[in-house]
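Asker:
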Ligand SMILES: Nc1ncnc2c1ncn2[C@@H]1O[C@H](COP(=O)(O)OP(=O)(O)O)[C@@H](O)[C@H]1O
Ligand SMILES: Nc1ncnc2c1ncn2[C@@H]1O[C@H](COP(=O)(O)OP(=O)(O)O)[C@@H](O)[C@H]1O
Ligand SMILES: Nc1ncnc2c1ncn2[C@@H]1O[C@H](COP(=O)(O)OP(=O)(O)O)[C@@H](O)[C@H]1O
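Laid out in structure tokens, this is it:
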């Protein structure tokens, strides 16, 4: 069951959706236009700030550049083939992706309608997801990769990983058919980005000096500002995934917010207990963990479920981060896997529990038990991990043969801003 | 008369609200979803930036942390008991608050409707007000209080001050019954925050070195960016308080904007005349003063009234700030009382005048004169000041007994970021 | 043909606009309230950040102050006479402007409706355009003009240049009658601002030290953050110019986004080829170029046209910037003319081509050929350039007689923040 | 002529400047530096990684004075910079061979 | 060997560097400092509180040169840094006992 | 007593500090400076204007030591700061006439 393909169905089930599909509703359209702006806002400037504040001074621009260039290139790719391969009628490549009928947005006119909104708006809204997912990955290999191979990787990854998984889950593919629940992208966005990040961190290797040299964030207020923008933008991400301006959107916003708030409080508490002091980077990271985790569940659970999910997310992602960086010494530099990957998995699984009306959720489909749904969720999770992990691995290996991924050690020392972009962040 | 409780009434009076209450309108919902995002945006990142740029380098994160943690904790508290105690049917505690029926959001489902929007959206929108009000107060005691007592205070204050006053004014309580006019929170938000700030500044005491040592803002561009976000977000605050996407919302946006613009120009002029030069911190502070002052009036007055209110706000709050800091040497560090408190009072009183159709407003209720309305406004103002002042005083005294509010002098010198959060803002 | 005056017409032509004009639509209203917030967000904080990061440390606040003060003063002027002189019924001053009937917003009440939205919202939405246009100009003379004459100039320019041109194009004036196509402000906003910038740069003169002394941006991350905000806000600018929440708005958003993305990629490519490295300032500037260029076309062209327009914009504006600064040594400090002026002209002309249904556009009016439309577009372009250039010249000369535009050389060396505003940006 | 270089706690800078002004010192030059010494730094926390920062912020004050003013100046600095806690800093005296005032070309004590 | 320390107005730094390059100075080290002296600072305004800031930004240039180049170097600095207004700064000469180039381990004048 | 002033590449600072700690140096003071020398700077690009930046970031380390420790200290710095590439920096030795510990008023070697 999936809101994007099944809004006709949900229109019957949920309040306020008395509008017939196929007929444009100006209110739904207004909210989806706004949601699109909000999700773009998450990447630019949100994520760009969040990430670039965490790196060292000399790499601040390189991170912003990566986010920016990915946003531009992914947009064009989405319009050319991405949209049709996720949402196009029929299927191609043996069911891996949607049909080619809407390549170059063929047939998407100003008066095309998708559900109760213009199809152009649906194209745009979905595009913003295709922008942020590869942009999330760059946190894993920040401060050491070359720009050109990074861009090639991001685009190829979008096509070979994001697009198929999005089709399976949201485009009416095999996971959608099995009733896989991923409201706004726990698997499609967060597990995908997290797993790719882990593979990339392992293949690209640690930053020189890691973990002995300290690499503190160069501008934490900047990072916190970015985190706040992510929070606000996430309302578009999750409540926009209702593809309507109605009670479903309202509830999605409420549970999203509670996921963020309780994820923050949990991480803050974990730090307070373990280190005696709560940090602002901690509370903000907990917020992202809470949001990533509530994302798949956000159209299915109630406020109570959201609070449990958020709290769990904060604690689990906190320990995942410690383990990966401090114990395993894997330099997933901005902690993409432990926050988004682990959070996404947690959310995908917990959705099966808290969707149940016994736990205040919107209810499981007729005749489906929590355990059965958990099975479907686990299947989708494993499929996403396997596909994403495998393709990402091959892709990075292949690109590295043709164009080395890493800068030299000297360049790493000098900083990517000067070396790759001939710019410096600050002249203050 | 109050837009939140009385939208049924207003739906008849105002344009564009031909929708029947109880039936969800997707356009109204779209605007309220957006407004919710905008008001959250005011606190995170808006206020967090505005405030944190004004303190010294070494305390930048502590201020952001306060805003962030308050946002998280207040959200949870709101869902648990805040919402029901303000808006729940019936009343409890002798009419001080609403009933307990919606504790833990009992009965608030995805298809619950409040007016023409989902009740979840109404819960969320109101939550953002419950977030920003305690967050405003932290400006008073910036750079010197400990984190834990600050958080305890904020939550207790929310419950004991904000919740009852909001119930009186917006939840159908005794002030609402008397026809007290406070469209978007002149009393509930700004007087409340301002008075609490003054009391807190007096009880916590001046920063060490104040007023002899200069404590210039460490990052004014940051503060100005935050101010701009406050301005934009305030559209959600005031025009969202129409709880509809209609002419009332449109007019509220227009007068809000004019209040901001003229408040800015007035403060700028005052500085230009008095010091020979206008400052950017001055113009931004005038904007906040104008916005705080227009807030209670924003659903009641016309453009002409808004201009007068904004200009008055700029001048009055300018002189209030000078008096408090330079004359009385009270270290309300970020000038919460002279800007929000004084502005809120001014706005509450001027509303009675400019609501009158003689002055271009929406009109006083049948048979009520300006003088009579002024009486009601003064009553509500005094009640808010008294309640808020008293409870805040007792609360801070009590908390201080159990957990000292202030850091030590040495810690103050070292800075709260390192001492309380083991972080530094910048490594630039 | 012009969306603002002719929405009645378009309501018939475009999808989803089954609403009758004159009857308020809550969805349209919701989107226009949001768009208004988005366009204000472009100036404050968007443009203020974008510009202030590009100047030197010591002038960061002066640029923010200029944007801020212009926003405030232009708002008041707009309400007093601007709105009526653009959109008021009838005409005055021999057809140069609209009638005076709505001076001081006479007759604009909460229940006044304009198309399907409250007239207050239409007033506000248009106001945000009147704010950003003069604010764009300040980039030309950054770091060297005095505050008072700058403010006088901005207001006079708004009245004498912006208002008439906006009336001609959007207020039913002579260009509208001839079928001039400028959906969201290619001529009204971008050519106008660009030409005024060029004239101002020439009259005010180069910054002392230009072009031998290097004047690198003092805070590029800040500038990139501002650029991102411009991008997001531009959705309101262009998709809001549909004055409805429908398919026209959806398509406008899509083509706007593509213009931004391809403009960015084109500029990035140009730098990469010419200098061997792409810069983040380059990609962000390409984005602004793409957006400025797609603006007039955004309601008329399809995605294919948008991609061509964006790519052209990136390359053309790149070379225009090089030529003006490096070859002609004209110190249009923040490149307003080569980006906005040249982009606006390009967009105005290309609209004639890509509006054609042969090129995937919405279609030319019955019986009008591309060549004919090109003629109309060229006429409007030349008229705008001539009017704007002439008046701006006279205006600056006149003001300079009464109040010198430039600070002294010593003041320029010390920096405008201290000299004009007695403030410093950073104490980090 | 001597150069007096004092490394002091940054928040004492204003006190030191006042003290020096009082005894008639007309000029000085101040830089921000990081000090390493007996005073412990602090720990920082970054997503679960706690680490030690050894450098503490200090202000470095340089004052050129005529030989006969050295003692008095040093005393004024010590009196105003001292908190009694570890990390109060050091004062170093070095020899200046010659000095010029750029504006006038003056040299010697009159250039100070 | 001598160390020449010049405190100059920051916006003159590029001119000084050019002037030094012209007379063949191969290296220098520059820091940002705040100066206190005859040159008045400025006032700042903060929500109605006007206050005096006494320190003005300066650049501190350090150049190690062989003894016979001192005079020439000082002249070049004075010529290029001078605006004739108060606050143009100072030049101090001190003695260097020894110098090493870290890369090669060279010492003495050839290490410069 | 001597003042050892070392100009080194910033990313070598931690290594130098460790090396000095190992040989028992108890304190030092570090500033951020910009160096000009044989090491070329870099080009920067600004909307189509490419220009040369000649200054490169350096760390300036100042260590006051007793006379008999100078040699050892210099060796430790050279060993830890050297990369063998141009721009590794310089070490200067100057004479200190006197030193005070502000906290205690101690002077001489015991003040270090
Ligand atoms: N040998 C040294 N050479 C140069 N600077 C030193 C030396 N020892 C200490 N300092 C400076 O003096 C500061 C204070 O020294 P520290 O040992 O922490 O405390 P105290 O001044 O109380 O002895 C240090 O932070 C450092 O900047
Ligand atoms: N006695 C001094 N010791 C160290 N630095 C000084 C001294 N006197 C002046 N300076 C430095 O020289 C700068 C310029 O000095 P000032 O007295 O303002 O003007 P002028 O150079 O024209 O005499 C000061 O800002 C300060 O940095
Ligand atoms: N004559 C000098 N006086 C002062 N500092 C110098 C001098 N020459 C070099 N330096 C400093 O030493 C640094 C390194 O010098 P450079 O000539 O680039 O390389 P190297 O150390 O390999 O000879 C410079 O960046 C500068 O900070």
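Chains as they are written, first to last, in the numbering used here: chain G, 44 to 471; chain C, 44 to 471; chain U, 44 to 471; chain R, 33 to 144; chain Z, 33 to 144; chain Y, 33 to 144. All C-beta atoms, glycine included, are put in the ideal place defined by N, C-alpha and C.
(1) Less than 8 Å separating the beta-carbons of residue 35 of chain Y and residue 124 of chain R?
(2) Which bits of chain R does residue 124 of chain Z rub up against, with CB to CB less than 7 Å?
(3) Any chance the CB of residue 96 of chain Y is under 7 Å from a heavy atom of ligand 1?
(4) Please list, in chain order, all residues of the same chain as residue 382 of chain G whose beta carbon is under 6 Å from its beta carbon, the five residues on each side excluded.
(5) Taking C-beta pairs closer than 7 Å, name the residues in chain Z that residue 118 of chain Y reaches, listed in chain order.
(6) In terms of residues, what are the limits of the alpha helix (DSSP H) holding residue 49 of chain Z?
(7) I need the boundaries of the alpha helix (DSSP H) containing residue 113 of chain Y, first residue and last residue.
(8) For residue 255 of chain U, which option in Y/99, Y/60, Y/83, Y/133 has the closest C-alpha, if you only look at C-alpha atoms?
(9) Give a yes or no on whether 8 Å exceeds the smallest Cβ distance from residue 66 of chain C to chain A.
(10) Alpha carbon to alpha carbon, how far is residue 115 of chain C from residue 203 of chain C? Give it in angstroms, no decimals.
(11) Count the other C-beta atoms from every protein chain shown that fall within 10 angstroms of the C-beta of residue 453 of chain U, then say buried if there are 16 or more, exposed otherwise.
(12) CB residue 250 of chain G to CB residue 374 of chain G, shorter than 8 Å?
(13) 8 Å is my cut-off, CB to CB: does residue 461 of chain U come that close to chain Z?
(14) Against residue 465 of chain C, what residues of chain G qualify as contacts under a CB-to-CB distance less than 8 Å, listed in chain order?
(15) Could you spell out the range, first to last residue, of the alpha helix (DSSP H) harbouring residue 541 of chain U?
(16) Taking the beta carbon of residue 58 of chain G as the centre, do at least 16 other beta carbons fall within 10 Å, making it buried, or is it exposed?
(17) Please return the same chain residues whose Cβ sits closer than 7 Å to the Cβ of residue 143 of chain Y, not counting the five positions on each side in sequence.
(18) Apply the 10 Å Cβ neighbour rule to residue 118 of chain R and answer buried if 16 or more other Cβ atoms are within range, or exposed otherwise.
(19) What did DSSP end up calling residue 454 of chain C once you bin it into helix, strand or coil?
(20) Select from U/127, U/87, U/244 the residue whose C-alpha is nearest the C-alpha of residue 185 of chain U.
(21) In whole angstroms, what is the alpha-carbon distance linking residue 225 of chain G and residue 118 of chain U?
(22) Is residue 145 of chain Z a contact residue of ligand 3, with contact defined as CB to any heavy atom under 7 Å?
(23) Anything in the segment 130-161 of chain U with a Cβ closer than 9 Å to a Cβ of chain C? List those residues in chain order, please.
(24) On the three-state DSSP scale, how would you describe residue 465 of chain U?
(25) When the Cα of residue 207 of chain G is compared with those of G/398, G/397, G/303, G/137, which residue comes out closest?
(26) Among the residues of its own chain, which have a CB less than 8 Å from the CB of residue 319 of chain U, if the five just before and after it don't count?
(27) For the segment 273-288 of chain U against the segment 81-94 of chain U, do three or more pairs of beta-carbon atoms, one drawn from each stretch, fall closer than 8 Å, so that the two count as touching?
(28) Look up residue 75 of chain R in the DSSP assignment and give the residues it is bridged to.
(29) Can you tell me the Cα-Cα spacing of residue 97 of chain G and residue 76 of chain C, whole angstroms?
(30) Scan the segment 341-383 of chain C and note each continuous alpha helix (DSSP H) run of 4 residues or more that stays entirely inside, going in chain order.
(31) Say whether chain U places a C-beta atom closer than 8 Å to the C-beta of residue 69 of chain G.
(32) Along chain U, which residues have their Cβ under 7 Å away from the Cβ of residue 91 of chain Y?
(33) DSSP on residue 317 of chain C, reduced to helix/strand/coil?
(34) Against chain U, with Cβ distances strictly below 8 Å, would residue 87 of chain Z count as a contact?
(35) Anything in chain G within Cβ reach of residue 15 of chain U, meaning under 8 Å, just list it in chain order.
Answerer: Put simply:
(1) Locating residue 35 of chain Y in the sixth chain gives position 3, counting from the first residue. Locating residue 124 of chain R in the fourth chain gives position 92, counting from the first residue. Their beta carbons are under 8 Å apart, which means residue 35 of chain Y touches residue 124 of chain R by this criterion.
(2) Here the question's residue 124 of chain Z lines up with position 92 in the fifth chain. Correct list: 35, 96, 128, 131.
(3) As a first step, residue 96 of chain Y must be located in the sixth chain, where it is residue number 64. Residue 96 of chain Y: yes, Cβ under 7 Å from ligand 1.
(4) Along the first chain, read from residue 1 onward, the residue named residue 382 of chain G stands at position 339. Counting only Cβ-Cβ distances below 6 Å, and skipping sequence neighbours, we find 331, 332, 360.
(5) Position 86 of the sixth chain, counted from the first residue, corresponds to residue 118 of chain Y. Those within 7 Å of residue 118 of chain Y in chain Z are 135.
(6) The residue you call residue 49 of chain Z lines up with position 17 of the fifth chain. Segment 45-54, the alpha helix (DSSP H) holding residue 49 of chain Z.
(7) Here residue 113 of chain Y is taken as the residue at index 81 of the sixth chain, counted from 1. Per DSSP, residue 113 of chain Y belongs to the alpha helix (DSSP H) from 102-113.
(8) Taking the third chain and counting its residues from 1, the one referred to as residue 255 of chain U is at position 212. Of the candidates Y/99, Y/60, Y/83, Y/133, the one whose C-alpha sits nearest the C-alpha of residue 255 of chain U is Y/83.
(9) As a matter of chain content, chain A is missing from the structure shown, whose protein chains are G, C, U, R, Z and Y.
(10) Against the second chain, residue 203 of chain C aligns to sequence position 160. Against the second chain, residue 115 of chain C aligns to sequence position 72. The alpha-carbon atoms of residue 203 of chain C and residue 115 of chain C are separated by roughly 18 Å.
(11) Working through the third chain from its first residue, we reach residue 453 of chain U at position 410. Residue 453 of chain U comes out exposed.
(12) Within the first chain, the letter at position 207 stands for residue 250 of chain G. Within the first chain, the letter at position 331 stands for residue 374 of chain G. In this structure, residue 250 of chain G sits near residue 374 of chain G, with a CB-CB distance shorter than 8 Å.
(13) Within the third chain, numbered from 1, the residue matching residue 461 of chain U stands at position 418. Judged by the 8 Å Cβ criterion, residue 461 of chain U is in contact with chain Z.
(14) Here residue 465 of chain C is taken as the residue at index 422 of the second chain, counted from 1. Those are 318, 320, 322, listed as they occur along chain G.
(15) Absent from the structure is residue 541 of chain U, since the part of chain U shown begins at 44 and ends at 471.
(16) Residue 58 of chain G sits at position 15 when you count from the first residue of the first chain. Unreliable placement is indicated for residue 58 of chain G, whose pLDDT of 36 sits below 50; no coordinate value is reported for it.
(17) Working through the sixth chain from its first residue, we reach residue 143 of chain Y at position 111. Scanning its chain for C-beta atoms nearer than 7 Å, with the 5 sequence neighbours on each side dropped, one finds around residue 143 of chain Y the residues 131, 132, 133, in chain order.
(18) Position 86 of the fourth chain, counted from the start, is the residue given in the question as residue 118 of chain R. Exposed, since its Cβ has fewer than 16 Cβ neighbours within 10 Å.
(19) As a first step, residue 454 of chain C must be located in the second chain, where it is residue number 411. Three-state DSSP puts residue 454 of chain C in a helix.
(20) The residue you call residue 185 of chain U lines up with position 142 of the third chain. Looking at the Cα atoms, U/244 is the closest of the given residues.
(21) Start at 1 with the first residue of the first chain, and residue 225 of chain G comes out as number 182. Start at 1 with the first residue of the third chain, and residue 118 of chain U comes out as number 75. Each residue's alpha carbon lies about 45 Å from the other.
(22) No information on residue 145 of chain Z is available, as it lies outside the stretch 33 to 144 that chain Z covers here.
(23) Within the segment 130-161 of chain U, 147, 148, 151, 152, 153, 154, 155, 156, 160, 161 place their CB atoms closer than 9 Å to a CB of chain C, listed in sequence order.
(24) Along the third chain, read from residue 1 onward, the residue named residue 465 of chain U stands at position 422. If DSSP states are grouped into helix, strand and coil, residue 465 of chain U belongs with coil.
(25) Here residue 207 of chain G is taken as the residue at index 164 of the first chain, counted from 1. With distances taken between Cα atoms, residue 207 of chain G lies closest to G/137.
(26) The residue given as residue 319 of chain U occupies position 276 in the third chain. The answer is none, since no qualifying residue turns up.
(27) yes
(28) For the purposes of this step, residue 75 of chain R is taken as residue 43 along the fourth chain, with counting starting at 1. Answer by DSSP bridge pairing, in chain order: R/84.
(29) Numbered from its first residue, the first chain carries residue 97 of chain G at position 54. Numbered from its first residue, the second chain carries residue 76 of chain C at position 33. In a straight line, the C-alpha of residue 97 of chain G is about 31 Å away from that of residue 76 of chain C.
(30) For the segment 341-383 of chain C, whole alpha helix (DSSP H) runs of length 4 or above, ordered along the chain, are 346-365.
(31) Stepping through the first chain from its first residue, residue 69 of chain G is reached at position 26. Yes, because at least one Cβ of chain U sits closer than 8 Å to the Cβ of residue 69 of chain G.
(32) Residue mapping note: residue 91 of chain Y aligns to position 59 of the sixth chain, counting from 1. Residues of chain U passing the Cβ test: none, with the nearest at roughly 19 Å.
(33) Reading the second chain from its first residue, position 274 is the one you call residue 317 of chain C. Helix, per DSSP.
(34) Within the fifth chain, the letter at position 55 stands for residue 87 of chain Z. Taking Cβ atoms only, chain U never reaches closer than 8 Å to residue 87 of chain Z, which makes this a no.
(35) Any answer about residue 15 of chain U is impossible in this case: the structure gives chain U only from 44 up to 471.
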